[in-house]
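The next block holds one structure in the form of structure tokens; read it before the comments.
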Amino acid sequence: MTEDELDQILETYEVPEPPAGFADRVMAAAHPRPARRWSATSWGVLAAAAVLALALALVGLWPTRPVTGALHARRRTEVTLGARGVAVAENGARLRWTVDGTRAEIEQSEGDVFYRVSPGQPFVVRTPEGDVRVRGTCFRVEVLEMNVSPQLFAGAAAGALVAGAVVVSVYEGEVAVQNEHGEVSVEAGERSVIEPSRAPSEPSDAPASLARRPRDPQTEAARDETPATRGIDEMDAPALRARLRSVAARSRERAHEVERLRGLLDDAELADPGRSRFFPASPADLRRWADACQLRLDQPPVMGIEPGRVGEHAETLELDPAEARAVQDAIERAHSSLTEDLRALYVEATGDVDGAAALSPRAMLAEIRDKAGTAEQHRNVMHRIARERAGLERPPPADAELSPSERAVRRYARVGDEFQERLARALGPERARELRARDEGWPWARSIFAGCDDD
Amino acid sequence: MAARARSPDGAREEVDDLTLERARRGEPEAQRALVERYQRPVFALLHRYRGPSAEVEDLAQETFLRVFRELPSFRPRGRARLSTWILTIATRLAIDAQRRADVRSRHEPDPPAAVVSPERLVERKSAAAAVAAAVSDLPEPFRAALVLRVYHDRSYREIADAMECDVGTAKSRVSRARRRLREALGEGMA
Chain A
90 MTEDELDQIL ETYEVPEPPA GFADRVMAAA HPRPARRWSA TSWGVLAAAA
140 VLALALALVG LWPTRPVTGA LHARRRTEVT LGARGVAVAE NGARLRWTVD
190 GTRAEIEQSE GDVFYRVSPG QPFVVRTPEG DVRVRGTCFR VEVLEMNVSP
240 QLFAGAAAGA LVAGAVVVSV YEGEVAVQNE HGEVSVEAGE RSVIEPSRAP
290 SEPSDAPASL ARRPRDPQTE AARDETPATR GIDEMDAPAL RARLRSVAAR
340 SRERAHEVER LRGLLDDAEL ADPGRSRFFP ASPADLRRWA DACQLRLDQP
390 PVMGIEPGRV GEHAETLELD PAEARAVQDA IERAHSSLTE DLRALYVEAT
440 GDVDGAAALS PRAMLAEIRD KAGTAEQHRN VMHRIARERA GLERPPPADA
490 ELSPSERAVR RYARVGDEFQ ERLARALGPE RARELRARDE GWPWARSIFA
540 GCDDD
Chain B
299 MAARARSPDG AREEVDDLTL ERARRGEPEA QRALVERYQR PVFALLHRYR
349 GPSAEVEDLA QETFLRVFRE LPSFRPRGRA RLSTWILTIA TRLAIDAQRR
399 ADVRSRHEPD PPAAVVSPER LVERKSAAAA VAAAVSDLPE PFRAALVLRV
449 YHDRSYREIA DAMECDVGTA KSRVSRARRR LREALGEGMA
């Protein structure tokens with residue numbers, strides 16, 4: 090496709106007119122009508138309403154809007170959860186919360202978080218394996234290593250993760266740990282483990298260091314410990330088994346994920362023509378393109394009635410004047426040769442001698458394909474050529490009886506290589522190759538023919 | 299009636315100096331005249347950059363509100379024409395909106411990039427639809443550079459100013475956008 094042809098195609102892209110009344114809307118937004126002046130009576134009513142709202146808020150009756158938030162901690166981070174709660178999230182912890190008045194609901198999908206909660210209305214920490222309900226206490230919730238489903242790994246909500254196990258350690262007060270399989274009450278100095286598809290374990294004594302209640306979150310935050318080292322050293326057998334299972338499962342998931350990402354990367358590279366080369370193509374490139382049913386062609390401007398010009402690509406290719414003349418000469422010879430070959434095939438396929446004399450190579454090729462073959466046959470030929478280039482299939486022997494359509498397509502597909510050979514004769518093989526590789530393929534026309542029969 | 303590509307907007311005369319001066323002073327009638335004069339290229343740019351979307355009108359409105367706010371700083375005898383200055387504001391708003399959208403969707407699987415085979419081109423109802431799809435598939439910053447160059451006849455210097463890059467980069471972006479379009483739209487064998 091030449092630059093002019095591209096411009097002609099781009100000109101077909103029309104856009105709608107601006108909607109009627111748009112200027113009115115802009116002016117209305119730019120010059121809003123002045124607000125109504127408040128009278129002394131109005132201010133009195135407003136002041137009374139404010140006092141009432143303040144009074145209601147103080148007794149907890151004013152309907153406040155829920156406050157929501159989310160955190161994926163990259164370091165130890167303290168979060169205030171409304172008026173009653175403070176959380177210290179360790180590196181890697183994920184939280185979402187909704188605080189509505191004095192009620193709070195926290196979704197902890199990952200990591201290790203210490204909570205301090207003042208007495209009051211329900212305060213719930215939801216984990217992937219169960220809920221922790223408290224009324225006033227200090228406790229820690231550790232969501233151990235998780236298995237992440239491939240779809241979710243690409244970016245779903247953290248709350249949808251699949252957990253390995255959850256450890257709840259209580260420093261002060263009492264919490265209820267529950268899931269669909271059961272409920273236990275965990276008191277200060279105890280902890281419970283929630284494993285997937287099981288009821289929370291009966292409370293057991295937590296190791297002394299874990300059961301020690303920090304003086305406050307700030308003190309806790311200052312401790313130079315990481316959950317991983319502290320936890321593993323002091324875990325009991327059930328917790329260690331849970332962690333081992335979850336780490337092993339995570340490793341398997343990660344291995345699958347690596348394979349999936351490799352596949353996606355291949356697809357992305359193939360689907361993004363700008364990222365891929367046309368020339369030079371490595372054997373691996375050719376195989377991948379063939380596997381994806383892609384045939385990539387880079388060509389000189391030879392598909393019009395007249396041969397194209399070197400044009401602005403003399404600059405792209407950094408041609409000196411003599412080289413520019415040589416390249417132009419090669420374009421004209423390539424055009425002449427292609428036109429002659431396609432004319433013969435066109436007459437063979439259609440019997441139309443007059444048409445052959447008048448049509449461009451592009452038009453002849455399209456008509457040969459339409460009259461002497463189907464779109465499916467054409468696609469199959471493209472795919473076979475891609476496989477032959479990749480060495481996955483043998484080219485047809487020279488004396489094979491191919492249809493005019495297939496011969497035309499094969500002739501067309503050779504144009505880029507033949508042009509390089511012509512230039513090699515004029516400028517030398519190294520310079521010809523260098524010119525083709527400069528912009529990763531001949532700059533005048535590039536095509537990707539894509540699609541398999543089962544697409 | 300639709301606006302054609304390579305519309306004459308870029309070549310049309312700018313608003314007269316008196317209207318501009320009155321708009322700078324905040325006179326509503328002059329501001330309205332300015333909106334009516336430049337709404338067409340602004341919509342065309344935003345539509346081609348963002349694709350058909352209800353957001354286009356919001357962005358167009360925000361463009362003009364920002365124009366009104368910043369008009370006192372516009373220098374009529376400066377390097378940029380008024381139309382280019384307005385299109386620059388629209389471009390930057392569109393790019394910002396695109397980045398916000400990218401952040402919102404960064405965890406969602408990317409849609410497959412367009413590789414338009416001749417057969418698929420034929421299946422499309424018109425070349426215009428294929429061009430619209432190919433342009434919308436161009437990654438930023440190539441898309442903005444191409445739209446400004448091809449559809450608004452802006453110079454490379456003007457594109458460079460709008461995109462806050464140097465002239466060479468603007469040229470490169472337009473060139474690469476055109477190359478990607480050639481690849482996506484194919485040789486046109488069909």
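Protein chains in written order, with the working numbering: chain A, 90 to 544; chain B, 299 to 488.
Virtual Cβ for every residue (Gly too), placed ideally from N, Cα, C.
For residue i, which of the options has the nearest alpha-carbon?
i                      : options                       : result
residue 460 of chain A : A/469, A/440 and A/449        : A/440
residue 426 of chain B : A/259, A/100 and A/181        : A/100
residue 228 of chain A : A/107, A/210, A/201 and A/366 : A/201
residue 198 of chain A : A/190, A/169, A/274 and A/218 : A/218
residue 536 of chain A : A/388, A/493, A/232 and A/281 : A/388
residue 509 of chain A : A/451, A/525, A/273 and A/215 : A/525
residue 382 of chain B : B/480, B/478 and B/456        : B/456
residue 434 of chain B : B/476, B/331 and B/453        : B/476
residue 315 of chain B : B/374, B/448 and B/482        : B/374
residue 369 of chain B : B/330, B/318, B/462 and B/350 : B/318
residue 181 of chain A : A/522, A/165 and A/170        : A/165
residue 364 of chain B : B/347, B/350, B/346 and B/386 : B/386
residue 453 of chain A : A/276, A/410 and A/394        : A/394
residue 104 of chain A : B/478, B/347 and B/438        : B/347
residue 112 of chain A : B/336, B/391 and B/323        : B/336
residue 449 of chain A : A/465, A/458 and A/432        : A/432
residue 500 of chain A : A/528, A/428, A/465 and A/267 : A/428
residue 191 of chain A : A/495, A/206 and A/160        : A/206
residue 436 of chain B : B/483, B/358, B/390 and B/331 : B/483
residue 491 of chain A : A/231, A/434 and A/119        : A/434
residue 495 of chain A : A/371, A/488, A/160 and A/471 : A/471
residue 450 of chain B : B/379, B/356 and B/431        : B/379
residue 408 of chain A : A/477, A/285 and A/523        : A/523
Count the other CB atoms, across all protein chains shown, that sit within 10 Å of the CB of residue i; report buried if there are 16 or more and exposed otherwise.
i                      : result
residue 226 of chain A : buried
residue 442 of chain A : exposed
residue 455 of chain A : buried
residue 532 of chain A : buried
residue 329 of chain A : exposed
residue 95 of chain A  : buried
residue 157 of chain A : exposed
residue 108 of chain A : exposed
residue 398 of chain B : exposed
residue 517 of chain A : exposed
residue 371 of chain B : exposed
residue 468 of chain A : buried
residue 337 of chain A : exposed
residue 235 of chain A : Below a pLDDT of 50, predicted positions are generally treated as unreliable, and residue 235 of chain A, at 46, falls in that range; the measurement from the model is reported next regardless. Counting Cβ neighbours within 10 Å, residue 235 of chain A comes out buried, since at least 16 surround it.
residue 528 of chain A : buried
residue 298 of chain A : With a pLDDT of only 45 at residue 298 of chain A, under 50, the local geometry of the prediction cannot be trusted, and the value read off the model is given with reservation. Looking at its Cβ environment, which holds fewer than 16 other Cβ atoms inside 10 Å, residue 298 of chain A is exposed.
residue 93 of chain A  : exposed
residue 340 of chain A : exposed
Under 8 Å, do residue i and residue j count as touching if we go by C-beta distance?
i                      : j                      : result
residue 444 of chain B : residue 472 of chain B : yes
residue 502 of chain A : residue 384 of chain A : yes
residue 264 of chain A : residue 222 of chain A : yes
residue 340 of chain B : residue 115 of chain A : no
residue 446 of chain B : residue 460 of chain B : yes
residue 287 of chain A : residue 256 of chain A : no
residue 420 of chain A : residue 399 of chain A : yes
residue 481 of chain A : residue 414 of chain A : no
residue 176 of chain A : residue 184 of chain A : yes
residue 293 of chain A : residue 325 of chain A : yes
residue 438 of chain A : residue 485 of chain A : no
residue 90 of chain A  : residue 367 of chain B : no
residue 271 of chain A : residue 289 of chain A : yes
residue 328 of chain B : residue 320 of chain B : yes
Starting from residue i, follow its DSSP beta bridges and name the residues at the other end.
i                      : result
residue 161 of chain A : A/183
residue 538 of chain A : A/384
residue 283 of chain A : A/255
residue 197 of chain A : A/184
At a threshold of 7 Å, does residue i count as lining the ligand NAD (C-beta to nearest heavy atom)?
i                      : result
residue 439 of chain B : With respect to small molecules bound, the structure shown includes none, and the ligand NAD cannot be examined in it.
Contact list for the region 102–122 of chain A against chain B, Cβ threshold 7 Å: Taking 7 Å as the Cβ-Cβ cut-off, the region 102–122 of chain A approaches chain B at 102, 103, 104, 105, 106, 107, 108, 111, 112, 114, 115, 116, 118, 119 and 120, given in chain order.
Cβ-based contacts, 7 Å cut-off: residues of the region 393–427 of chain A near chain B: Cβ contacts with chain B come from no residue of the region 393–427 of chain A.
Interface residues of the region 315–341 of chain B facing chain A [CB-CB below 7 Å]: Only those residues of the region 315–341 of chain B whose C-beta falls short of 7 Å from the nearest C-beta of chain A are listed: 326, 329, 330, 333, 334, 337, 338 and 341.
Proximal residues, the region 435–456 of chain B versus chain A, C-beta separation under 7 Å: If the cut-off is 7 Å between Cβ atoms, the region 435–456 of chain B has 448 near chain A.
Members of the region 90–101 of chain A near chain B, C-beta cut-off 8 Å: Close to chain B, meaning a Cβ-Cβ distance shorter than 8 Å, are the following residues of the region 90–101 of chain A: 90, 92, 94, 95, 96, 98, 99, 100 and 101.
Contact list for the region 354–372 of chain B against chain A, Cβ threshold 8 Å: Listed in sequence order: 355, 358, 359, 362, 363 and 366.
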